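For reference, the structure is listed below as C-alpha cells.
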Amino acid sequence: MASQPLEVTLYHYPLTRSTRPLWLLHELGGKVKFTCKRVELMKGEAYSPEFVRMNPNHALPVLLYKDDSGVEQALFESCAIVEFLTDALAAGELAPPIGISNGRAEYKKWLWFAGSWMDQLLWQLRQHDESGILPSDQKDSRVVDRTKGKWIKEIVPQVVAQLEAKGNMYILGENFTAADIIVGHCLRWSKAYGLCDNEVLTRYLARLAERPAYQAAFQDAATFGK
C-alpha cells in the first residue's frame, strides 16, 4: 500500500451509479484523497467533448487517477471502479483477501450479481416505468410487469436468503465489504419502484444507512434534478 493517500477525481451526479464509488471513497478514509466533480447530466454535460474523451458512453461515473508510472488514467463503470480501488487499497479490509477462497468467490459473485443482474433489471424500469426516461410512445408496460415480477420472484428471495444465512448483518456476514455498496445501492434504487417491501431488506438498508460513509455519499440526494 502506498505511504501517501491515492489522489483521485470522481465525476459524479446525485443518486446515479457514481454514488457507489463515492460511498467507497468515504469508506476508504485516509487511504485516498479525492475531489468530487459534479456533472450536470440534465444539462447534457456528459456529451461535452471533454467528458466524451474520458467516457464515450456519456455515462457516470468516471474516475481519474495516476497509475504506477505516474500517467493519468480514466476508468469508467461503477463496479470496475469499486473493485479496482478496493483491491488496490483495502483488500483484506473491505474485501476478502485476494486468493482462491470461497469467501473471495462469494464476494465477487455478490458484487457482480448486483452490478449486472440486479442493475440491468432496475435500468429496464428506469426506462419503461411511468416516470421513466423513454418517450411515452416507446415505453412498454409489459417490460415493467415482467421486470417487477422477476425482481419479486427471483432477486428478493436470493438476497433475503443470503442475508439470513449470514446472520442478517451484511451480505457476506459480520463484516461490511464493498459488495454491500453495490447490493445496497441497488436495493435503495429498487425502493423507487416499490420493490423493497421486505423486513429483512428494510433492516439491512437501515443498517447500511447508519454508516457515516453512506450518509456522506447520499447527502446530495435532494439535489437530483435541480
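For the sequence shown, counting from 1, position 160 maps to 160 in full-length UniProt numbering; every step adds exactly one.
Idealized CB from N, CA, C, for every residue including glycine.
Just so you know, these numbers come straight off a predicted model, no measurement behind them.
* **Boundaries of the beta strand (DSSP E) in which His12 is found, first to last residue** => The sequence position of residue 12 within the sequence shown is 12, counting from 1. Segment 6-12, the beta strand (DSSP E) holding His12.
* Cβ-based burial, Pro61 [other Cβ within 10 Å; buried from 16] -> If you number the sequence shown from 1, residue 61 lands on position 61. Flag for Pro61 reads buried.
* To do: Given a cut-off of 8 Å, decide if Tyr193 and Asp119 are closer than it, judged by their beta-carbon atoms.
  => In the sequence shown, counting from the first residue as 1, residue 119 sits at position 119. In the sequence shown, counting from the first residue as 1, residue 193 sits at position 193. No, the Cβ-Cβ distance between Asp119 and Tyr193 is not below 8 Å.
* To do: Can you say whether Gly70 is buried or exposed, counting buried as having 16 or more other CB atoms within 10 angstroms of its CB?
  => Mapped onto the sequence shown, residue 70 falls at position 70. Label assigned to Gly70: exposed.
* Asked: From Asp197 to Glu72, what distance separates their C-alpha atoms?
  -> Residue 197 sits at position 197 when you count from the first residue of the sequence shown. Residue 72 sits at position 72 when you count from the first residue of the sequence shown. If you take the alpha carbons of Asp197 and Glu72, they lie about 44 Å apart.
* Asked: What is the DSSP secondary structure of Gln215, counted as helix, strand or coil?
  -> To locate residue 215, count along the sequence shown from 1; it is residue 215. If DSSP states are grouped into helix, strand and coil, Gln215 belongs with the helices.
* To do: In the DSSP assignment, find the unbroken beta strand (DSSP E) run with Ala74 in it and report its ends.
  => Indexing the sequence shown from 1 puts residue 74 at position 74. Element bounds for Ala74: 72-76.
* Do you know how far the Cα of Arg38 is from the Cα of Glu27? -> Sequence index remark: in the sequence shown, residue 27 carries index 27 (1-based). Sequence index remark: in the sequence shown, residue 38 carries index 38 (1-based). Approximately 20 Å between the Cα atoms of the pair.
* Asked: Just how far apart, CA to CA, sit Gly209 and Gln215?
  -> Mapped onto the sequence shown, residue 209 falls at position 209. Mapped onto the sequence shown, residue 215 falls at position 215. Residue identity check: residue 209 is Ala in the sequence provided, not Gly. Each residue's alpha carbon lies about 6 Å from the other.
* Look at Gly103 and Ile182 and say whether their C-beta atoms are less than 8 Å apart. => Here residue 103 corresponds to residue number 103 of the sequence shown, with the count starting at 1. Here residue 182 corresponds to residue number 182 of the sequence shown, with the count starting at 1. Against a cut-off of 8 Å, the Cβ pair of Ile182 and Gly103 comes out as no contact.
* Just the C-alpha distance for Tyr13 and Leu41, rounded to the nearest angstrom, thanks. => Taking the sequence shown and counting its residues from 1, one reaches residue 13 at position 13. Taking the sequence shown and counting its residues from 1, one reaches residue 41 at position 41. Roughly 7 Å between the two C-alpha positions.
* Bridge-paired residues (DSSP) for Tyr65 -> As a working mapping, residue 65 is identified with position 65 in the sequence shown. According to DSSP, Tyr65 bridges with Gln73.
* Nearest CA to the CA of Asn175: which residue from Pro97, Lys139, Phe224, Val156? -> On the sequence shown, residue 175 is found 175 positions in, with the first residue counted as 1. Ranking Pro97, Lys139, Phe224, Val156 by Cα distance to Asn175 puts Pro97 first.
* Does the region 3-12 come close enough to the region 39-59 to have 3 or more Cβ pairs within less than 8 Å? -> yes
* To do: Could you tell me which of Ala80, Leu172, Ala90, Lys108 sits nearest to Arg17, measuring between CA atoms?
  => Taking the first residue of the sequence shown as position 1, residue 17 is located at position 17. Taking only the C-alpha atoms, the option nearest Arg17 is Ala80.
* **C-alpha distance - Leu75 paired with Cys36, whole-angstrom precision** => Here residue 75 is taken as the residue at index 75 of the sequence shown, counted from 1. Here residue 36 is taken as the residue at index 36 of the sequence shown, counted from 1. Leu75 and Cys36: Cα-Cα distance of roughly 15 Å.
* With 16 as the cutoff for other CB atoms within 10 Å, does Asp180 come out buried or exposed? -> Counted from its first residue, the sequence shown places residue 180 at position 180. Burial call: buried.
* Residues that Phe34 bridges to, as DSSP identifies them -> Here residue 34 refers to the residue found at position 34 of the sequence shown. In DSSP, Phe34 forms a bridge with Val8.
* To do: Assign Gly103 to one of three DSSP states: helix, strand, or coil.
  => Counting from 1 along the sequence shown, the entry for residue 103 is found at position 103. Helix.
* **8 Å contact criterion, which Lys150 and Leu121 should meet: CB distance rounded** => Counting from one through the sequence shown, the residue named residue 150 turns up at place 150. Counting from one through the sequence shown, the residue named residue 121 turns up at place 121. That pair is a contact at about 6 Å.
* To do: Since I believe Gln162 is in contact with Ile155 (beta carbons under 8 Å), could you give me their beta-carbon distance rounded to a whole number of angstroms?
  => Start at 1 with the first residue of the sequence shown, and residue 155 comes out as number 155. Start at 1 with the first residue of the sequence shown, and residue 162 comes out as number 162. Actually they do not touch by this definition, with Cβ atoms about 11 Å apart.
* Pro135 versus Thr19: straight-line alpha-carbon distance, rounded -> Your numbering for residue 135 matches position 135 in the sequence shown. Your numbering for residue 19 matches position 19 in the sequence shown. Distance between the alpha carbons of Pro135 and Thr19: 26 Å.
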